[in-house]
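Participant: Right, I'll just put the structure down here and ask away after.
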Amino acid sequence: MEGGIPQRAWLLMAAGDNRGHGGNSGYDDQFDAYYSWDSNVPNHKNLAVGDPIALWDKERLLGVSVIEEIKATLGLKLLSRCPSCNTTRISDRKKSEPRYRCMKCRAEFATPSPDVVEVLRYRARYDAAWTPLDGFFTGGEIRSLAVNAGDINAMRPLDWVAFGAALIARDAGHALDRVSARIDVNWQSEFGVLVEAPQGFSHALVRVRRGQQQFREQLLASQGSVCAFTGRAPVRVLEAGHLYSYAQLGTHFKHGGLMLRRDIHRLFDDGLLAVQPSRLRIDVAPGLAMYPQYARLHDEPLKSRLQDEQVDWLGKHWAEHRLSA
1 MEGGIPQRAW LLMAAGDNRG HGGNSGYDDQ FDAYYSWDSN VPNHKNLAVG
51 DPIALWDKER LLGVSVIEEI KATLGLKLLS RCPSCNTTRI SDRKKSEPRY
101 RCMKCRAEFA TPSPDVVEVL RYRARYDAAW TPLDGFFTGG EIRSLAVNAG
151 DINAMRPLDW VAFGAALIAR DAGHALDRVS ARIDVNWQSE FGVLVEAPQG
201 FSHALVRVRR GQQQFREQLL ASQGSVCAFT GRAPVRVLEA GHLYSYAQLG
251 THFKHGGLML RRDIHRLFDD GLLAVQPSRL RIDVAPGLAM YPQYARLHDE
301 PLKSRLQDEQ VDWLGKHWAE HRLSA
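The UniProt record's numbering applies: residue 1 is where the sequence shown begins, and numbers increase by one.
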């Protein structure tokens, strides 16, 4: 990253079974959590852990995030080919007969030729930093912000500088702040850590913060399997939440965190949940109060015993998200 600007960013088309063309059987996407593709797709090797992404559905912007993990697994894929020229560049015409038309040789046919091929299946997870921006840009506006405006690939390079400027112009700078906080220069390596599966045919690239596991273990040992906002919870759903921006400070302070349920962690980072420092009572932002599961937390005491340093950090968080507002 040069001057705080990512070296690359991506615009990803997330349209479920409608993504691609008639020669493709579609992909399993949950656009606010993960994105899937395979080794037949242009740019399939180019996405990397730590890359910022924007998701759209051909008609509008859906949101932005940062890739936290990429898993690759060997698998089979069904392709549909033109019976005349064997290309997969065929169009599925739901209102015309014959139903299929080849975009290469122009042949028309009722049934394509099936072909099962071996592929690498990829899945990128990015839900930790997901920020919805539903409808902030139209499809045409999004296309214009790609590095190459004429690019038709489902995964295409995004002009992050132009995209960021457009977001700021529409008062969506908070989305850039959230993404920037996740683009951390203190990762274990440029592309993450390679994790081999026991079967030997699957691997993953995962972003791992230096000392993050030790930080979590320390918090678990001192606080137990308790979310500081909601109470006891299974260890697997608890995260070590920093009470400050780790991306900015790059240090795990001994008393600088709390165990938080994953959804609580995200809402705390966004300032939708905060703690009134003099009373140590939870404050729920008005925009979150419409949801009963969070509204009932308002003015409740924390479930964890705090050290003085943690109270100090909560005071800084309060000043940033409540007093400044």
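Built from N, CA and C at the ideal position, the CB exists for glycine as well. Every value quoted in this text rests on a predicted model; they were computed, and no experiment measured them.
From this set, 291, 60, 258 and 45, which residue's C-alpha is nearest residue 138's C-alpha?
Facilitator: Here residue 138 corresponds to residue number 138 of the sequence shown, with the count starting at 1. The candidate whose alpha carbon is nearest that of residue 138 is 60.
Participant: DSSP puts residue 239 in a beta bridge; with which residues?
Facilitator: For the purposes of this step, residue 239 is taken as residue 239 along the sequence shown, with counting starting at 1. According to DSSP, residue 239 bridges with 260.
Participant: Against chain B, with Cβ distances strictly below 7 Å, would residue 8 count as a contact?
Facilitator: Protein chain content of the structure displayed is limited to a single chain, and chain B is not contained in it.
Participant: Below 8 Å, can you find three or more Cβ-Cβ pairs linking the segment 146-153 to the segment 98-106?
Facilitator: With the cut-off at 8 Å, the segment 146-153 and the segment 98-106 do not touch.
Participant: Provide the residue(s) that pair with residue 155 in DSSP beta bridges, ordered along the chain.
Facilitator: Your numbering for residue 155 matches position 155 in the sequence shown. Bridge partners of residue 155: 12.
Participant: Have a look at residue 315 and residue 164 and give me their C-alpha separation to the nearest angstrom.
Facilitator: Here residue 315 refers to the residue found at position 315 when the sequence shown is read from its first residue. Here residue 164 refers to the residue found at position 164 when the sequence shown is read from its first residue. Distance between the alpha carbons of residue 315 and residue 164 is about 30 Å.
Participant: Quick check on DSSP: helix, strand or coil for residue 144?
Facilitator: Position 144 of the sequence shown, counted from the start, is the residue given in the question as residue 144. Three-state result, residue 144: helix.
Participant: Can you tell me where the alpha helix (DSSP H) with residue 310 in it begins and where it stops?
Facilitator: Sequence index remark: in the sequence shown, residue 310 carries index 310 (1-based). It spans 308-318 - the alpha helix (DSSP H) in which residue 310 sits, taken as one unbroken run.
Participant: Could you tell me whether the segment 109-119 touches the segment 66-81, where touching means 3 or more Cβ pairs closer than 8 Å?
Facilitator: Touching, per the Cβ criterion.
Participant: Less than 7 Å separating the beta-carbons of residue 125 and residue 36?
Facilitator: Indexing the sequence shown from 1 puts residue 125 at position 125. Indexing the sequence shown from 1 puts residue 36 at position 36. Not a contact, by the Cβ cut-off of 7 Å.
Participant: Taking Cβ to Cβ, would you say residue 53 is nearer than 7 Å to residue 12?
Facilitator: Locating residue 53 in the sequence shown gives position 53, where the first residue counts as 1. Locating residue 12 in the sequence shown gives position 12, where the first residue counts as 1. For residue 53 and residue 12, yes; Cβs fall inside 7 Å.
Participant: With a Cβ-Cβ cutoff of 7 Å, do residue 243 and residue 231 count as a contact?
Facilitator: Here residue 243 refers to the residue found at position 243 of the sequence shown. Here residue 231 refers to the residue found at position 231 of the sequence shown. Cβ atoms of residue 243 and residue 231: not closer than 7 Å.
Participant: Given a threshold of 16 other Cβ atoms within 10 Å of its Cβ, counted over all protein chains shown, does residue 9 qualify as buried or as exposed?
Facilitator: The residue given as residue 9 occupies position 9 in the sequence shown. Counting Cβ neighbours within 10 Å, residue 9 comes out buried, since at least 16 surround it.
Participant: Going by other Cβ atoms of all chains shown within 10 Å of its Cβ, with 16 needed for buried, is residue 174 buried or exposed?
Facilitator: Stepping through the sequence shown from its first residue, residue 174 is reached at position 174. Residue 174 comes out exposed.
Participant: With DSSP as the reference, identify every bridge partner of residue 218, one or two as the case may be.
Facilitator: Along the sequence shown, one-based indexing puts residue 218 at 218. According to DSSP, which records beta bridges pairwise, residue 218 is partnered with nothing at all.
Participant: When DSSP labels each residue in this structure, what does residue 269 get in the three-state scheme?
Facilitator: Position 269 of the sequence shown, counted from the start, is the residue given in the question as residue 269. In the structure shown, residue 269 sits in a helix (DSSP, three-state: H, G or I).
Participant: Closer than 6 Å by C-beta to residue 312: which residues in its own chain qualify, once you throw out the five before and the five after it? Chain order, please.
Facilitator: As a position in the sequence shown, residue 312 is number 312, starting the count at 1. Excluding residues within five positions, none has a Cβ falling inside 6 Å.
Participant: Can you give me the C-alpha to C-alpha distance between residue 196 and residue 101, rounded to a whole angstrom?
Facilitator: Numbered from its first residue, the sequence shown carries residue 196 at position 196. Numbered from its first residue, the sequence shown carries residue 101 at position 101. Its pLDDT being 44, under 50, residue 196 is placed unreliably in this model, and the coordinates cannot settle the point.
Participant: Round the Cβ separation of residue 74 and residue 118 to the nearest angstrom and send it over; I've been treating them as touching at under 8 Å.
Facilitator: Residue numbering aside, residue 74 sits at position 74 when the sequence shown is read from its first letter. Residue numbering aside, residue 118 sits at position 118 when the sequence shown is read from its first letter. Confirmed, Cβ separation roughly 7 Å.
Participant: State the start and end residues of the unbroken beta strand (DSSP E) segment that holds residue 167.
Facilitator: The count along the sequence shown starts at 1 and reaches residue 167 at position 167. First-last for residue 167: 160-169, but that is the alpha helix (DSSP H), not the beta strand (DSSP E).
Participant: Under the three-state reduction of DSSP, which class applies to residue 173: helix, strand or coil?
Facilitator: Taking the first residue of the sequence shown as 1, we reach residue 173 at position 173. If DSSP states are grouped into helix, strand and coil, residue 173 belongs with the helices.
Participant: In three-state DSSP terms, what is residue 133?
Facilitator: For the purposes of this step, residue 133 is identified with residue 133 of the sequence shown, where counting begins at 1. Residue state, collapsed to three classes: coil.
Participant: Sorted by chain position, which residues of the same chain lie with C-beta nearer than 6 Å to residue 322's C-beta, five sequence neighbours on each side aside?
Facilitator: Position 322 of the sequence shown, counted from the start, is the residue given in the question as residue 322. Closer than 6 Å at the Cβ level, and outside the excluded window around residue 322, lie 274.
Participant: Since residue 287 sits in a beta bridge, which residues does DSSP pair it with?
Facilitator: Within the sequence shown, the letter at position 287 stands for residue 287. Note: residue 287 sits in no beta bridge, so no partner.
Participant: For residue 295, report the span of its alpha helix (DSSP H) as first-last.
Facilitator: For the purposes of this step, residue 295 is identified with residue 295 of the sequence shown, where counting begins at 1. Here the alpha helix (DSSP H) through residue 295 covers 292-295.
Participant: What residues in its chain sit with their C-beta under 8 Å from that of residue 86, if we drop five residues either side in the sequence?
Facilitator: By 1-based counting over the sequence shown, the position of residue 86 is 86. Closer than 8 Å at the Cβ level, and outside the excluded window around residue 86, lie 113.
Participant: Going by other Cβ atoms of all chains shown within 10 Å of its Cβ, with 16 needed for buried, is residue 34 buried or exposed?
Facilitator: In the sequence shown, the residue the question calls residue 34 occupies position 34. Per the 10 Å Cβ criterion, buried.
Participant: Going by alpha carbons, who is nearest to residue 277 out of 317, 233 and 121?
Facilitator: Position 277 of the sequence shown holds residue 277. Residue 317 is the option with its Cα nearest to residue 277.
Participant: Enumerate, from N- to C-terminal direction, the unbroken beta strand (DSSP E) stretches of 3 or more residues contained entirely within the segment 70-115.
Facilitator: Counting only runs of 3 or more, we get 90-92 and 100-102.
Participant: Shortest alpha-carbon distance to residue 260 belongs to which of 14, 133 and 239?
Facilitator: Within the sequence shown, residue 260 is the residue found at index 260, counting from 1. Looking at the Cα atoms, 239 is the closest of the given residues.
Participant: Can the beta-carbon of residue 302 be found closer than 7 Å to that of residue 288?
Facilitator: The residue given as residue 302 occupies position 302 in the sequence shown. The residue given as residue 288 occupies position 288 in the sequence shown. Taking 7 Å as the Cβ cut-off, residue 302 and residue 288 do not qualify as a contacting pair.
Participant: Under the rule that 16 or more other beta-carbon atoms within 10 Å means buried, what is residue 180, buried or exposed?
Facilitator: Position 180 of the sequence shown, counted from the first residue, corresponds to residue 180. Looking at its Cβ environment, which holds 16 or more other Cβ atoms inside 10 Å, residue 180 is buried.
Participant: Where do the N-terminal and C-terminal ends of the beta strand (DSSP E) with residue 36 fall, by residue?
Facilitator: Numbered from its first residue, the sequence shown carries residue 36 at position 36. Residue 36 -> beta strand (DSSP E) spans 34-38.
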